[in-house]
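The block underneath contains the structure these notes are about, expressed in structure tokens.
Numbering (our numbering), first residue to last: 5 to 206.
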């Protein structure tokens, strides 16, 4: 792998998708050192900009005084078997089978790429987290919507990079079938095909 900077780049792309941000940064940085032509340094800066924005916005929402009113309607959601309600604080890292997190979408986050979609969301315990959504258009989920996240993939982002520490919770939705918006499945016309673009140098 030492001789193939595009492998570092492509592994970093995969780690970015999996929200392994520290590994992604290290991979892009290594690729940039070995082959500046890959523009991996641009990807490093994109991730840093994204992380700075995610953490800043989640902190900003935590200071808001309206969280109680935002989550008051979440208890009304009834889940069908085999799912049972959970809050993000009791999830394990990775995929959580047969549970669902009901949350309120507080904020849509604009960033450099078309996909994925990022939101600040809040569960019934008033715990804020970043919701990452693949496979749907931005019109599918709006600020103020109530979302039910089925078998959520949970991560705790907790690492330091260049003297800056990042720490927040996240749930990733890979497919439209993993989310209900206001207790309904997303409309078919809101679905998009997700893809990962790799680099290859012969």
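Note that CB positions come from ideal geometry on N, CA and C, so glycine has one too. Quick caveat, the model's predicted, so the values are computed rather than measured.
Alpha-carbon to alpha-carbon, residue j and residue i
i           : j           : result
residue 66  : residue 8   : 43 Å
residue 32  : residue 84  : 43 Å
residue 149 : residue 168 : 32 Å
residue 14  : residue 20  : 10 Å
residue 156 : residue 99  : 6 Å
residue 76  : residue 42  : 48 Å
residue 205 : residue 39  : With a pLDDT of only 49 at residue 205, under 50, the local geometry of the prediction cannot be trusted, and no value is derived from it.
residue 170 : residue 160 : 10 Å
residue 130 : residue 79  : 12 Å
residue 124 : residue 181 : 20 Å
residue 141 : residue 96  : 28 Å
residue 189 : residue 87  : 16 Å
residue 152 : residue 52  : 29 Å
residue 10  : residue 37  : 11 Å
residue 101 : residue 158 : 11 Å
residue 92  : residue 117 : 26 Å
residue 183 : residue 114 : 20 Å
N- and C-terminal bounds of the beta strand (DSSP E) containing residue i
i           : result
residue 169 : 168 to 177
residue 12  : Where residue 12 is concerned, there is no enclosing beta strand (DSSP E), although the alpha helix (DSSP H) it sits in stretches over 9 to 21.
residue 29  : Note, residue 29: premise wrong, no beta strand (DSSP E); alpha helix (DSSP H) at 25 to 38.
Cβ neighbour criterion (16 or more within 10 Å) applied to residue i
i           : result
residue 192 : exposed
residue 12  : buried
residue 28  : buried
residue 127 : buried
residue 108 : buried
residue 136 : buried
residue 172 : buried
Residue i at chain D interface by Cβ criterion, 9 Å
i          : result
residue 80 : No chain D appears in the structure shown, which is made up of a single protein chain.
Closest Cα partner of residue i within the set the options
i           : options              : result
residue 89  : 97, 78 and 104       : 104
residue 134 : 165, 190 and 54      : 54
residue 163 : 50, 98, 17 and 59    : 59
residue 174 : 111, 23 and 196      : 23
residue 185 : 161, 147, 39 and 160 : 147
residue 112 : 44, 82, 102 and 144  : 144
residue 50  : 17, 137 and 197      : 17
residue 48  : 30, 179 and 178      : 30
residue 196 : 120, 92 and 176      : 120
residue 194 : 139, 154 and 187     : 139
residue 122 : 35, 25, 44 and 177   : 177
N- and C-terminal bounds of the alpha helix (DSSP H) containing residue i
i           : result
residue 107 : Residue 107 -> not in any alpha helix (DSSP H); beta strand (DSSP E) instead, spanning 103 to 113.
residue 46  : 44 to 66
residue 73  : 71 to 75
Residue(s) in a DSSP beta bridge with residue i
i           : result
residue 195 : 140
residue 150 : 108
residue 163 : 170
residue 98  : 158
residue 183 : 153
residue 89  : 104
residue 124 : 111 and 134
residue 188 : 185
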